[in-house]
Every structure is written in C-alpha cells, then in structure tokens.
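The sequence shown begins at 83 in this note's numbering and counts up one residue at a time.
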Amino acid sequence: MESFTDPVKAVSTCVKKPFNLIVTEYELDSMNGLQMIGILQGVIPTLRSIMLTNCNDEIVEIQSIECGVDQFLSKQKSLDVIVTYIENALARDLREQAMLSNSVMSEEEGLVIDTKKREVYKNDQIVDVTKKEYDLLHLFLNNKGVALSRETIAEELWTTEIETIDLRVIDGHINRLRTKLDLYCINAIRGFGYKWNEQ
Numbered sequence: 083m084e085s086f087t088d089p090v091k092a093v094s095t096c097v098k099k100p101f102n103l104i105v106t107e108y109e110l111d112s113m114n115g116l117q118m119i120g121i122l123q124g125v126i127p128t129l130r131s132i133m134l135t136n137c138n139d140e141i142v143e144i145q146s147i148e149c150g151v152d153q154f155l156s157k158q159k160s161l162d163v164i165v166t167y168i169e170n171a172l173a174r175d176l177r178e179q180a181m182l183s184n185s186v187m188s189e190e191e192g193l194v195i196d197t198k199k200r201e202v203y204k205n206d207q208i209v210d211v212t213k214k215e216y217d218l219l220h221l222f223l224n225n226k227g228v229a230l231s232r233e234t235i236a237e238e239l240w241t242t243e244i245e246t247i248d249l250r251v252i253d254g255h256i257n258r259l260r261t262k263l264d265l266y267c268i269n270a271i272r273g274f275g276y277k278w279n280e281q
C-alpha cells in the first residue's frame, strides 16, 4: 500500500507498479479524482476504484458510475465503513481472479464455467445444471467453432458403447440446455451434429 498527495506522482508510480485498487478524493490539485482514475484505467483495465468526496453533485456521481468507479462514498463516512468497502473490493477482486484462472467462458452468451467448482454462471448469476448439461456446455466452450458430430459428443460424454445410445437423447439434452441458459450459439448442423458459433 502506498499513499500520495500529488496525483501526477500517483499516476506515474501506478504505471510502473500496477495496483489492484485506488482510493482517491474527487477534489485534487492538478486534476480531479475522476480524471486520475480514467488515466489509470487506460493503463490498468482491471483497476478497482473508490471515490471519496464532499461533493453532493449528482452529475459527478453519475460521471463516476459511467467511468466504472466501484464505490462513490461521502468523506463523512466513518473510517471503519470505508475500510470495509476497501476490504470487500479487494476480496471481490481475488474471487474474480480465482474464477478466471479456473474457468472457460463465452462473453457473447454471458457465460462463465468455474471448472474447479463445476459451477455455471449466466450474467453473473449461478445456474443449477445437471452433470450432463455441465459436461455438454464444457465440451462446446472448449470447442468453439468446431463442428461436433452426435457420435463425437456421445464418445466424449457417455461411457457406454455408442451403439447402445439413441443419439436423439443428445438432442434432448442440448434442447434443455439451450432453454435453461437461453443460448443462441449452439447451432444444429442438419444430419450431423452441432457447433458452438459466436459469429
């Protein structure tokens, strides 16, 4: 942790040594806090930020939200409250980093699979899926743009002999998965199988 009274020095230091979180006042000398955060976000896109201010101007608050400031707090709040916001922001950052390191995703569909926990998230909300639905989704996300035959899907996800599987069962699982997660990227290939297509 480091503290600065000069925003220019703060920016130059952060460029050389990126931080996870910045806490700044809005009222600064050579630039305002929002301008400083904007500069830093151009260098550190994942930077989290908390803005402290005595300003009651809603326009400033709206600009802060649009700039991606995580919290816009009154300087009148107690130190304990501000510290709690800081701790929560850092904890959220750690959780997201952990998820991304163990995940496959589709930005087009707003999907993230946490492969370590075997959990599926749609637009940041956890969705309850069956084991087979999870395995299907994982297979598609690991093979984006690849045409997968029903036989290939069966080989990957079913342990029994392919000859004993009614391949229409695969269609049923995929249709339920589409409905449950409101998916549009799973395209059927007539007489063959399916492809995850985000184009």
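Ideal Cβ positions, reconstructed from N, Cα and C, are used throughout, including at glycine. Computed from a predicted structure; not experimentally measured.
C-alpha gap between residue i and residue j, whole angstroms
i, j, result
"residue 276", "residue 266", "12 Å"
"residue 223", "residue 101", "32 Å"
"residue 198", "residue 137", "44 Å"
"residue 189", "residue 206", "11 Å"
"residue 175", "residue 268", "31 Å"
"residue 280", "residue 230", "15 Å"
"residue 263", "residue 85", "45 Å"
"residue 249", "residue 203", "28 Å"
"residue 273", "residue 240", "20 Å"
"residue 270", "residue 130", "41 Å"
"residue 186", "residue 140", "39 Å"
"residue 54", "residue 261", "Shown here, the chain extends from 83 to 281; a query on residue 54 therefore has no answer."
"residue 88", "residue 118", "11 Å"
"residue 159", "residue 94", "29 Å"
"residue 108", "residue 83", "20 Å"
"residue 278", "residue 228", "7 Å"
"residue 212", "residue 257", "13 Å"
"residue 144", "residue 196", "33 Å"
Beta bridge counterpart(s) of residue i as assigned by DSSP
i, result
"residue 201", "196"
"residue 130", "103"
"residue 278", "268"
"residue 135", "156"
"residue 230", "276"
"residue 208", "203"
"residue 187", "194"
Local Cβ density within 10 Å of residue i, reported as buried at 16 or more and exposed below that
i, result
"residue 152", "buried"
"residue 114", "buried"
"residue 92", "buried"
"residue 127", "exposed"
"residue 194", "buried"
"residue 169", "exposed"
Short Cβ contact (7 Å threshold) for residue i with residue j
i, j, result
"residue 208", "residue 235", "no"
"residue 201", "residue 221", "no"
"residue 110", "residue 134", "no"
"residue 171", "residue 103", "yes"
"residue 146", "residue 122", "no"
"residue 90", "residue 112", "yes"
"residue 149", "residue 124", "no"
"residue 132", "residue 165", "no"
Whole-number beta carbon distance between residue j and residue i, since they are thought to touch under 8 Å
i, j, result
"residue 226", "residue 255", "In fact, because the Cβ distance is near 19 Å, the residues do not count as touching under 8 Å."
"residue 218", "residue 259", "6 Å"
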